[in-house]
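Numbering (the numbering used here), first residue to last: 388 to 547. Remarks on the structure that follows.
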């Protein structure tokens with residue numbers, strides 16, 4: 388509240404929570420973000436960790452260290468896809484190596500010869516495989532539906 392000599396007191400009144408805009412003969416509701424002080428585009432959301440409004444907000448990824456949205460979703464998807472392929476590659480070739488080595492000297496002798504390398508790698512890859520490939524499958528499903536993780540979790544989806 389700042390007093391102005393010609394107007395008396397000046398009060399800041401926040402804008403309405405929702406504003407309707409007509410785009411291509413369709414009414415689009417834009418929500419106001421009180422933190423960023425902007426009207427958010429459809430499918431945008433405010434990230435409390437980054438303190439930004441992100442267009443087509445998917446999620447905040449602690450592994451990548453920022454929000455995943457419209458600008459970087461493609462790179463995030465390629466990252467988890469390549470990570471899945473790498474995990475499958477390492478798992479497969481470790482199994483093949485142990486199988487071929489066991490044909491020559493036997494399975495138990497193979498485990499004795501390489502106690503900490505191949506069996507532990509196979510075990511780690513086996514458990515990593517399920518989570519990484521599962522995450523890639525989930526995001527492939529979301530891409531096919533043209534949906535974000537945020538919309539899937541909150542069950543809010545706008546067909547635009």
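Note that the Cβ used here is the ideal one computed from N, Cα and C, for glycine as well.
Can you tell which of 417, 438 and 472 has its C-alpha closest to the C-alpha of residue 429?
-> 417
Presumed contact (8 Å Cβ cut-off) between residue 456 and residue 445, rounded CB distance | 6 Å
Residue closest to residue 476, alpha-carbon to alpha-carbon, out of 524, 509 and 541 = 509
DSSP puts residue 534 in a beta bridge; with which residues?
-> Note: residue 534 sits in no beta bridge, so no partner.
Three or more beta-carbon pairs under 8 Å between the stretch 458-467 and the stretch 487-503, yes or no?
-> no
So does the stretch 487-500 actually touch the stretch 434-441, counting three or more Cβ pairs closer than 8 Å?
-> no
Cβ neighbour criterion (16 or more within 10 Å) applied to residue 431 = buried
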